[in-house]
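Enquirer: For reference, the structure I am asking about is given below.
There are 2 protein chains.
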Amino acid sequence: MSMIDRIHSPQDIKGLCPQELTALAEEIRQALVVRIGATGGHMGSNLGMIEATVALHYVFDSPRDKLVWDVSHQTYTHKILTGRKDAYLDPAHYADVSGYTNPDESAHDPFMVGHTSTAISLALGLAKGRDLLGGKECVVAVVGDGALSGGEALEGLNNAGAYDGQLLILLNDNEMSIAPNHGGLYGSLAALRQSGGKAPNNLFTAFGLEYLYVEQGNDISALVEALSRAKEYTRPVVVHIHTQKGLGCAWAEQNKEQGHWANPGGAARFEGENNPTFTADLLLSWAKKDPTLLAVNAATPGAVGWTPEWRRQMGAQYQDVAIAEEHAVALVSGAAKRGAHAVLAIQSSFAQRTYDQLLQDLALNRSPATVLVYFGGFSSADPTHAGCYDIAMMSNIPGLLCLAPHTQEEYAALLRWSLQQTAGPVVIRVPQQVVHGPTSSAETLLAQGVVQPSTDSEVAIVGLGDAFTYAQQAAIAWQAEGRPAPTLVNPVVYSAASPALVELLSAHRTVVCLETGIIEGGYGAKLAVALAEKGVRTLVRGADKRFIDREAVTNQLARYRMTPEAVVADLLALE
Amino acid sequence: MSMIDRIHSPQDIKGLCPQELTALAEEIRQALVVRIGATGGHMGSNLGMIEATVALHYVFDSPRDKLVWDVSHQTYTHKILTGRKDAYLDPAHYADVSGYTNPDESAHDPFMVGHTSTAISLALGLAKGRDLLGGKECVVAVVGDGALSGGEALEGLNNAGAYDGQLLILLNDNEMSIAPNHGGLYGSLAALRQSGGKAPNNLFTAFGLEYLYVEQGNDISALVEALSRAKEYTRPVVVHIHTQKGLGCAWAEQNKEQGHWANPGGAARFEGENNPTFTADLLLSWAKKDPTLLAVNAATPGAVGWTPEWRRQMGAQYQDVAIAEEHAVALVSGAAKRGAHAVLAIQSSFAQRTYDQLLQDLALNRSPATVLVYFGGFSSADPTHAGCYDIAMMSNIPGLLCLAPHTQEEYAALLRWSLQQTAGPVVIRVPQQVVHGPTSSAETLLAQGVVQPSTDSEVAIVGLGDAFTYAQQAAIAWQAEGRPAPTLVNPVVYSAASPALVELLSAHRTVVCLETGIIEGGYGAKLAVALAEKGVRTLVRGADKRFIDREAVTNQLARYRMTPEAVVADLLALE
Numbered sequence: 108m109s110m111i112d113r114i115h116s117p118q119d120i121k122g123l124c125p126q127e128l129t130a131l132a133e134e135i136r137q138a139l140v141v142r143i144g145a146t147g148g149h150m151g152s153n154l155g156m157i158e159a160t161v162a163l164h165y166v167f168d169s170p171r172d173k174l175v176w177d178v179s180h181q182t183y184t185h186k187i188l189t190g191r192k193d194a195y196l197d198p199a200h201y202a203d204v205s206g207y208t209n210p211d212e213s214a215h216d217p218f219m220v221g222h223t224s225t226a227i228s229l230a231l232g233l234a235k236g237r238d239l240l241g242g243k244e245c246v247v248a249v250v251g252d253g254a255l256s257g258g259e260a261l262e263g264l265n266n267a268g269a270y271d272g273q274l275l276i277l278l279n280d281n282e283m284s285i286a287p288n289h290g291g292l293y294g295s296l297a298a299l300r301q302s303g304g305k306a307p308n309n310l311f312t313a314f315g316l317e318y319l320y321v322e323q324g325n326d327i328s329a330l331v332e333a334l335s336r337a338k339e340y341t342r343p344v345v346v347h348i349h350t351q352k353g354l355g356c357a358w359a360e361q362n363k364e365q366g367h368w369a370n371p372g373g374a375a376r377f378e379g380e381n382n383p384t385f386t387a388d389l390l391l392s393w394a395k396k397d398p399t400l401l402a403v404n405a406a407t408p409g410a411v412g413w414t415p416e417w418r419r420q421m422g423a424q425y426q427d428v429a430i431a432e433e434h435a436v437a438l439v440s441g442a443a444k445r446g447a448h449a450v451l452a453i454q455s456s457f458a459q460r461t462y463d464q465l466l467q468d469l470a471l472n473r474s475p476a477t478v479l480v481y482f483g484g485f486s487s488a489d490p491t492h493a494g495c496y497d498i499a500m501m502s503n504i505p506g507l508l509c510l511a512p513h514t515q516e517e518y519a520a521l522l523r524w525s526l527q528q529t530a531g532p533v534v535i536r537v538p539q540q541v542v543h544g545p546t547s548s549a550e551t552l553l554a555q556g557v558v559q560p561s562t563d564s565e566v567a568i569v570g571l572g573d574a575f576t577y578a579q580q581a582a583i584a585w586q587a588e589g590r591p592a593p594t595l596v597n598p599v600v601y602s603a604a605s606p607a608l609v610e611l612l613s614a615h616r617t618v619v620c621l622e623t624g625i626i627e628g629g630y631g632a633k634l635a636v637a638l639a640e641k642g643v644r645t646l647v648r649g650a651d652k653r654f655i656d657r658e659a660v661t662n663q664l665a666r667y668r669m670t671p672e673a674v675v676a677d678l679l680a681l682e
Numbered sequence: 108m109s110m111i112d113r114i115h116s117p118q119d120i121k122g123l124c125p126q127e128l129t130a131l132a133e134e135i136r137q138a139l140v141v142r143i144g145a146t147g148g149h150m151g152s153n154l155g156m157i158e159a160t161v162a163l164h165y166v167f168d169s170p171r172d173k174l175v176w177d178v179s180h181q182t183y184t185h186k187i188l189t190g191r192k193d194a195y196l197d198p199a200h201y202a203d204v205s206g207y208t209n210p211d212e213s214a215h216d217p218f219m220v221g222h223t224s225t226a227i228s229l230a231l232g233l234a235k236g237r238d239l240l241g242g243k244e245c246v247v248a249v250v251g252d253g254a255l256s257g258g259e260a261l262e263g264l265n266n267a268g269a270y271d272g273q274l275l276i277l278l279n280d281n282e283m284s285i286a287p288n289h290g291g292l293y294g295s296l297a298a299l300r301q302s303g304g305k306a307p308n309n310l311f312t313a314f315g316l317e318y319l320y321v322e323q324g325n326d327i328s329a330l331v332e333a334l335s336r337a338k339e340y341t342r343p344v345v346v347h348i349h350t351q352k353g354l355g356c357a358w359a360e361q362n363k364e365q366g367h368w369a370n371p372g373g374a375a376r377f378e379g380e381n382n383p384t385f386t387a388d389l390l391l392s393w394a395k396k397d398p399t400l401l402a403v404n405a406a407t408p409g410a411v412g413w414t415p416e417w418r419r420q421m422g423a424q425y426q427d428v429a430i431a432e433e434h435a436v437a438l439v440s441g442a443a444k445r446g447a448h449a450v451l452a453i454q455s456s457f458a459q460r461t462y463d464q465l466l467q468d469l470a471l472n473r474s475p476a477t478v479l480v481y482f483g484g485f486s487s488a489d490p491t492h493a494g495c496y497d498i499a500m501m502s503n504i505p506g507l508l509c510l511a512p513h514t515q516e517e518y519a520a521l522l523r524w525s526l527q528q529t530a531g532p533v534v535i536r537v538p539q540q541v542v543h544g545p546t547s548s549a550e551t552l553l554a555q556g557v558v559q560p561s562t563d564s565e566v567a568i569v570g571l572g573d574a575f576t577y578a579q580q581a582a583i584a585w586q587a588e589g590r591p592a593p594t595l596v597n598p599v600v601y602s603a604a605s606p607a608l609v610e611l612l613s614a615h616r617t618v619v620c621l622e623t624g625i626i627e628g629g630y631g632a633k634l635a636v637a638l639a640e641k642g643v644r645t646l647v648r649g650a651d652k653r654f655i656d657r658e659a660v661t662n663q664l665a666r667y668r669m670t671p672e673a674v675v676a677d678l679l680a681l682e
């Protein structure tokens with residue numbers, strides 16, 4: 108009987124000797140390589156954290172003691188040890204668990220987490236609650252080195268430094284976030300690694316925290332010893348462990364950035380636009396002629412198609428600010444203010460970190476920087492990575508011009524225009540679909556969007572950006588009912604309902620507006636405000652404002668009544 | 108002729124000797140005490156920064172060199188030296204300038220800034236732009252110690268530590284933010300002060316930055332010497348100066364927290380609700396019976412009526428997290444998850460820092476914490492402190508129940524209910540007006556809001572929270588036209604348009620919705636989406652989505668057509 112077969116809960120590892128714990132870790136490693144190879148997933152971070160996870164569950168008593176995982180993409184071993192091993196061992200159960208912690212899955216997961224840099228603050232909240240309620244449990248935050256550069260983590264460290272009670276912060280230092288780390292603190296971490304934790308520049312003691320260093324971060328005995336010692340501290344302590352990302356998988360060990368995530372069957376991965384090199388190629392070609400072009404990203408260049416080779420060619424015209432989205436927005440604002448043609452590429456979900464910076468640092472200052480929003484739209488992701496909120500978040504910030512092209516040609520024209528203009532900040536929602544169309548001028552797109560007028564005044568269908576495809580499909584279905592072609596519009600600009608468009612639309616009996624974002628706070632709601640004042644019947648279609656978990660997009664489209672059949676049925680029902 | 112009379116631009120101080128610079132500083136100090144005494148303003152921070160500002164303009168060459176002021180409420184001396192002295196010397200011109208930097212006022216102000224912790228990132232952007240454009244100017248970020256705890260500042264420090272070029276960060280350490288500082292880094296700052304900058308725990312060198320210490324932060328000669336030295340650095344350097352907040356005004360020196368801001372004529376100040384002790388009294392009385400009640404604030408307790416005496420009585424049930432709004436949201440989420448009755452008081456404008464934390468850390472985790480939003484609504488503030496965005500920001504986040512009571516009694520009932528419930532997070536917009544009414548049960552308010560039905564089906568007027576007053580006024584004006592009483596509604600819940608309310612409203616010919624926030628993304632837009640689908644004519648009234656600067660609220664109300672006269676006129680125009 109293998110070790111792993113004997114483990115049904117963390118209690119089952121309490122009686123194991125060091126050799127057995129190590130054997131268990133090795134079995135888990137083999138299982139993860141197979142499972143991640145088959146389903147895809149976060150390879151490097153999970154392989155590096157196996158021993159530390161075993162040690163944590165050996166020393167602490169979950170779920171009484173609370174383990175709070177930052178980002179929580181490194182929790183596969185934690186899930187195996189906490190009653191969810193079938194999801195990693197049995198292909199029939201691979202889909203049973205999400206890739207992140209989830210309290211609905213297990214009492215061993217205190218929070219649902221998918222964004223970085225939150226664990227210290229959440230753990231400090233648990234500790235504060237424990238103190239007020241008279242609890243005695245231990246609270247542990249497990250944080251990767253990449254997460255440390257995020258503002259919320261640093262705020263948390265500062266507050267932990269002033270807290271007087273038990274809190275253990277396990278810092279998993281694998282010398283990488285997704286891409287290589289950037290920022291001055293990583294020099295200090297390197298010095299701590301090189302000095303066995305004794306280097307004078309210590310960010311953690313500077314924040315008032317206790318500090319322990321463990322060089323052998325993949326050695327269970329060393330980890331158990333250090334964690335047992337740290338458990339006795341009555342004030343916050345950082346246990347800094349040096350681990351090897353991707354340990355045990357040669358490919359992931361050697362390709363630490365690409366090995367962060369593996370695709371099913373080992374296929375090459377690109378996470379960004381369906382046309383992944385489109386933006387990168389445009390920016391690189393322009394950058395070669397324009398030395399003031401500056402492309403900025405916050406720790407996820409691979410996700411937006413900015414490969415290591417592209418970064419090398421961009422040289423000083425590319426800047427990775429590490430996980431620091433707030434800083435990224437302020438940085439492009441400052442650079443644009445100084446005359447650079449600055450562009451920030453950011454995922455819809457991570458842009459949520461930047462509401463205030465978009466408003467105060469960027470829009471209020473009319474800095475002509477460009478923000479490219481990737482992954483905006485519907486997705487089958489877990490709830491922490493949804494891309495359906497950015498329209499509602501950004502389009503209601505004053506002074507931001509928000510644009511949603513439909514075709515690659517429109518996108519290229521708007522991006523080029525945006526980098527040249529000096530009036531103020533521009534947000535462009537990068538198309539998720541690869542659609543081609545005629546070359547348009549940015550000026551025309553900005554002035555009137557894309558309008559296919561009808562001679563008939565019955566129905567107008569508006570589709571914003573990617574949703575213009577759905578509008579076109581609905582128009583075809585409507586005509587298949589023997590109706591005249593409806594007016595079709597992609598407004599392109601979604602930061603306001605333009606008066607000209609409102610006038611055009613209000614000449615119709617019914618207006619339908621489709622967008623790939625939530626209805627509440629979205630673009631259709633702007634149209635509805637204008638059209639309701641005129642008493643024009645308007646059907647606004649988009650996502651419900653609620654969290655959804657790994658639901659197929661086709662399912663969502665049907666539920667949101669955005670399919671051609673649903674649009675036609677809803678129009679017919681009004682007659 | 109006084110020194111100050113001779114200064115028309117920073118060039119005019121270049122030829123002054125140290126004694127003259129000191130005399131100039133003293134004249135500025137006398138002028139500021141008089142001016143702030145008369146108009147109100149940020150007293151302590153400005154008095155402490157006079158010498159450093161003179162020294163900065165002596166050593167650097169603004170506007171060629173760029174001075175980026177964090178928060179920028181400490182820039183009165185900067186404004187005096189850069190051609191705006193009349194606004195501080197001549198009562199007829201007191202209103203000529205804002206309390207913050209503003210590029211529209213002067214080329215010496217690179218940014219409009221009013222939120223903290225942004226200067227390092229903005230300055231790094233200017234520096235990066237300079238490098239790409241081949242500029243040679245110096246860039247200086249001026250940061251107060253209180254701002255250091257904010258995530259954006261810490262992200263900026265980390266990125267500055269990895270930057271290879273000129274950037275000077277002047278850290279004004281006056282041992283205070285608005286209220287006393289909280290967090291582990293302040294222990295390290297104290298050790299640096301006590302050791303003359305030599306203490307081993309140095310946050311700045313840990314971030315990879317160069318570091319200089321100046322104990323005599325109100326001594327112009329010492330400052331000029333240090334800044335001249337720091338100016339020669341070719342990589343980022345922190346110049347840590349120890350200043351005395353409120354220097355030269357005995358009252359501000361002795362009352363550093365209250366002295367942060369002085370009211371005109373020296374009147375006592377409270378910034379929060381018009382009934383400033385209402386919330387504090389409620390929370391304190393409940394906290395005495397409920398040891399799990401936890402009240403959290405991010406560095407502005409005075410602004411929400413949480414006085415030093417109140418804080419003393421709350422003891423461990425009160426937590427100031429310093430300027431760290433993101434952390435504050437995660438903290439209450441964690442504490443509520445552990446069973447504490449956690450409540451965060453935060454200003455509408457500063458809550459903008461927390462979009463992602465409200466969504467991911469709080470709402471997604473269904474943590475039953477309460478967020479009290481202060482200063483939500485129209486105000487005559489500068490654009491950086493507007494309170495009109497929170498409805499659009501928060502009400503479109505899934506899983507947040509957002510409530511807008513109108514009366515003190517409704518507010519108290521909803522706050523008490525919120526602290527007891529366990530379903531999930533609740534946002535309450537604290538009423539800005541003090542209105543009394545009958546005692547209501549929270550359950551009734553949540554289920555149906557406040558509805559005064561009419562026997563007539565002509566007009567329904569909806570007023571959310573504070574705007575219910577405007578709805579009542581409009582109803583009276585409508586009746587004065589000889590019309591039947593309209594249906595009157597405060598929906599209370601503004602995170603969704605309830606189906607029951609939509610049904611009630613759609614039985615009317617025309618619906619008017621008033622709210623004290625921007626129209627786009629707001630509550631009325633939710634109603635408009637639902638009512639436009641039914642073809643019901645709906646007038647949504649609220650603020651335009653654009654930045655406004657110190658405009659009287661009465662003016663705004665007229666411009667937004669929310670006055671009784673405007674509502675009646677717009678209704679009549681539809682007939």
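Here the protein sequences come in this chain order: A and B.
Counting in this note's numbering, the first sequence runs from 108 upward without gaps.
Counting in this note's numbering, the second sequence runs from 108 upward without gaps.
All residues carry an ideal CB built from backbone N, CA and C; glycine is no exception.
Can you name, in chain order, every residue of its own chain whose Cβ lies under 8 Å from the Cβ of residue 532 of chain A, other than the five neighbours on each side?
Expert: What you label residue 532 of chain A is simply residue 425 of the first sequence in a count that begins at 1. For residue 532 of chain A, where only same-chain residues beyond five positions count, the Cβ hits under 8 Å are 440, 443, 465, 469, 470, 473, 474, 475, 476, 477, 478, 506, 507, 508.
Enquirer: Alpha helix (DSSP H) containing residue 143 of chain A: first to last residue?
Expert: For the purposes of this step, residue 143 of chain A is taken as residue 36 along the first sequence, with counting starting at 1. Residue 143 of chain A -> alpha helix (DSSP H) spans 125–146.
Enquirer: Enumerate in chain order the residues of its own chain whose CB-to-CB distance from residue 333 of chain B is below 7 Å, with the five nearest sequence positions on each side excluded.
Expert: Working through the second sequence from its first residue, we reach residue 333 of chain B at position 226. Contacts found: 319, 321, 346.
Enquirer: For a contact defined as C-beta to C-beta under 8 Å, what are the partners of residue 225 of chain A on chain B?
Expert: By one-based count along the first sequence, residue 225 of chain A stands at place 118. What residue 225 of chain A touches in chain B: 437, 464, 467, 468.
Enquirer: Measuring straight from C-alpha to C-alpha, what distance separates residue 248 of chain B and residue 294 of chain A?
Expert: To locate residue 248 of chain B, count along the second sequence from 1; it is residue 141. To locate residue 294 of chain A, count along the first sequence from 1; it is residue 187. So the alpha carbons of these two residues sit roughly 23 Å apart.
Enquirer: Would you please verify whether the beta carbon of residue 505 of chain B is less than 8 Å from any beta carbon of chain A?
Expert: As a first step, residue 505 of chain B is located in the second sequence; it is residue number 398 there, counting from the start. Yes, contact with chain A.
Enquirer: Could you give the DSSP three-state label for residue 684 of chain B: helix, strand or coil?
Expert: Because chain B in this structure spans residues 108 to 682, residue 684 of chain B falls outside the shown range and cannot be described.
Enquirer: Look up residue 300 of chain A in the DSSP assignment and say whether it is helix, strand or coil.
Expert: As a working mapping, residue 300 of chain A is identified with position 193 in the first sequence. Helix at residue 300 of chain A.
Enquirer: For residue 151 of chain A and residue 366 of chain A, which I take to be in contact (beta-carbon distance under 8 Å), what is that distance rounded to the nearest angstrom?
Expert: To locate residue 151 of chain A, count along the first sequence from 1; it is residue 44. To locate residue 366 of chain A, count along the first sequence from 1; it is residue 259. Right, the Cβ-Cβ distance comes to about 4 Å (below 8 Å), so this counts as a contact.
Enquirer: Tell me residue 601 of chain B's beta-bridge partners as DSSP assigns them.
Expert: As a working mapping, residue 601 of chain B is identified with position 494 in the second sequence. For residue 601 of chain B, which the question treats as bridged, DSSP gives no partner whatsoever.
Enquirer: Which runs of the beta strand (DSSP E), 3 residues or longer, sit entirely within the stretch 597–678 of chain B?
Expert: Secondary structure remark: continuous beta strand (DSSP E) runs of at least 3 residues inside the stretch 597–678 of chain B, in chain order: 617–625, 644–650.
Enquirer: Would you say residue 556 of chain B and residue 600 of chain B are within 8 Å of each other, going by their C-beta atoms?
Expert: If you number the second sequence from 1, residue 556 of chain B lands on position 449. If you number the second sequence from 1, residue 600 of chain B lands on position 493. Yes.
Enquirer: Hey, would you say residue 267 of chain B sits closer than 8 Å to residue 231 of chain B, going by beta carbons?
Expert: As a position in the second sequence, residue 267 of chain B is number 160, starting the count at 1. As a position in the second sequence, residue 231 of chain B is number 124, starting the count at 1. In this structure, residue 231 of chain B lies closer than 8 Å to residue 267 of chain B by Cβ.
Enquirer: When you check each C-beta in the stretch 304–321 of chain A against every C-beta of chain B, which residues fall closer than 8 Å?
Expert: 307, 308, 309, 310, 312, 313, 314, 315, 316
Enquirer: Taking only beta carbons into account, state which residues of the stretch 165–196 of chain B come closer than 9 Å to chain A, listed in chain order.
Expert: 173, 175
Enquirer: List the residues of chain A that residue 490 of chain B touches, going by C-beta distances under 7 Å, in chain order.
Expert: Taking the second sequence and counting its residues from 1, the one referred to as residue 490 of chain B is at position 383. Those are 471, listed as they occur along chain A.
Enquirer: Taking only beta-carbon positions, decide if residue 256 of chain B is within less than 8 Å of chain A.
Expert: Along the second sequence, one-based indexing puts residue 256 of chain B at 149. By this cut-off, residue 256 of chain B is an interface position.
Enquirer: Starting from the beta carbon of residue 598 of chain B, find every residue of chain A whose beta carbon is closer than 8 Å, and list them in chain order.
Expert: To locate residue 598 of chain B, count along the second sequence from 1; it is residue 491. Correct list: empty, because the minimum Cβ distance to chain A is about 14 Å.
Enquirer: DSSP on residue 578 of chain B, reduced to helix/strand/coil?
Expert: Numbered from 1 along the second sequence, position 471 holds the residue referred to as residue 578 of chain B. The answer is helix: DSSP assigns residue 578 of chain B an H, G or I state.
Enquirer: Determine the chain B residues that contact residue 428 of chain A at a beta-carbon separation under 8 Å, and present them in chain order.
Expert: Walking along the first sequence from the start, residue 428 of chain A turns up at place 321. What residue 428 of chain A touches in chain B: 262, 266.
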